[in-house]
Amino acid sequence: MSVVTISQLASDVGVPVDRLIKQLNEAGITKSAETDEVTAEEKKQLLDHLRSGHAPAVEAKPASGRKITLKRKTTSELSQGAKSTGRTSARGTVAKSKTVKVEVKRKRTFVKSDAKGDDAEKLQLEAEEAKKALEDQARQREEMEAQNEARIQAEKERLKAEVEEREAAEAAKKKAEEDAEKQALKEQREAAAKQARAEQEAKSQKKSDLGKSRKGKKSSRPGDADDSRYREE
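Numbered per my numbering, the sequence shown spans residues 1 to 233.
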């Protein structure tokens, strides 16, 4: 999503809302409530701020200031059991006992909790986690944009191919229709010319036949006159 609320972004990057608001303000992005929206440009600005090293860093603290060592020494006496000497007296057997001093040393070290150091470490960890989450989001956004661009380009090429194919089919159809029309017109002209030639030939033949018929009639008339004359004589 290009625009998200601070609450959503904090949930995505895994940092508290108040800490994210503080980081945004440190990056120069004025925000105050978890319902405020964060744009893609503002997320990039925050990521650049975290990458630039402006986030709070952890300062090393001397170990000696965080440790307290308590030493304690106790001394006690331990009596060993009495042993018989083998000598007797009027009161009976004489017994002797021995007392031994025992010294016990105890040493205990306490680690002093450095609240400021712990807070700095926590803030540094949160900043790094937020930076990593924002980097992941930026990478995912770039991948999605690249995929969308590839899909758009593929769709453009597909539509272009469809248009070219349709235009080629229409051009081929139009050419076929024109060729068919030309062929039909040619055949009509040839048929008309053939018919005209046939009619002309028929007229010529009829005229020729008529001329021959007339010549035949003229040549037969003188003979008929001679025959009639002979019959009269």
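Idealized CB from N, CA, C, for every residue including glycine.
Helix, strand or coil: how does DSSP classify residue i here?
{"i": "Glu-178", "result": "helix"}
{"i": "Lys-22", "result": "helix"}
{"i": "Lys-204", "result": "For the sequence presented, residue 204 should be read as Ser rather than Lys. Looking at Ser-204 - three-state DSSP - the assignment turns out to be helix."}
{"i": "Ala-283", "result": "This structure gives no information on residue 283, because the portion of the chain shown stretches from 1 to 233."}
{"i": "Ala-27", "result": "coil"}
{"i": "Gly-211", "result": "helix"}
{"i": "Val-285", "result": "No answer is possible for residue 285: the residues shown for the chain start at 1 and end at 233."}
Out of the options, which has the shortest C-alpha to C-alpha gap to residue i?
{"i": "Leu-47", "options": "Glu-199, Ala-180, Asp-136", "result": "Asp-136"}
{"i": "Lys-31", "options": "Gln-205, Leu-20, Ala-180", "result": "Leu-20"}
{"i": "Val-13", "options": "Asp-36, Ala-154, Glu-126", "result": "Glu-126"}
{"i": "Ser-52", "options": "Glu-170, Lys-131, Lys-206, Lys-173", "result": "Lys-131"}
{"i": "Gln-124", "options": "Leu-50, Thr-39, Ser-204", "result": "Leu-50"}
{"i": "Val-15", "options": "Arg-189, Lys-174, Ala-33, Ala-133", "result": "Ala-133"}
{"i": "Glu-34", "options": "Gln-147, Lys-215, Ser-7, Glu-145", "result": "Ser-7"}
Since residue i sits in a beta bridge, which residues does DSSP pair it with?
{"i": "Glu-37", "result": "Thr-5"}
Residue i and residue j look like a contact to me (Cβ under 8 Å); what is the Cβ gap, rounded to whole Å?
{"i": "Val-17", "j": "Ala-10", "result": "5 Å"}
{"i": "Thr-5", "j": "Glu-37", "result": "6 Å"}
If contact is defined by three or more beta carbon pairs under 8 Å, each pair taking one atom from either stretch, is the stretch 158 to 176 in contact with the stretch 32 to 44? Proximity of the stretch 32 to 44 to the stretch 158 to 176 falls short of the contact definition, fewer than three beta-carbon pairs being nearer than 8 Å.
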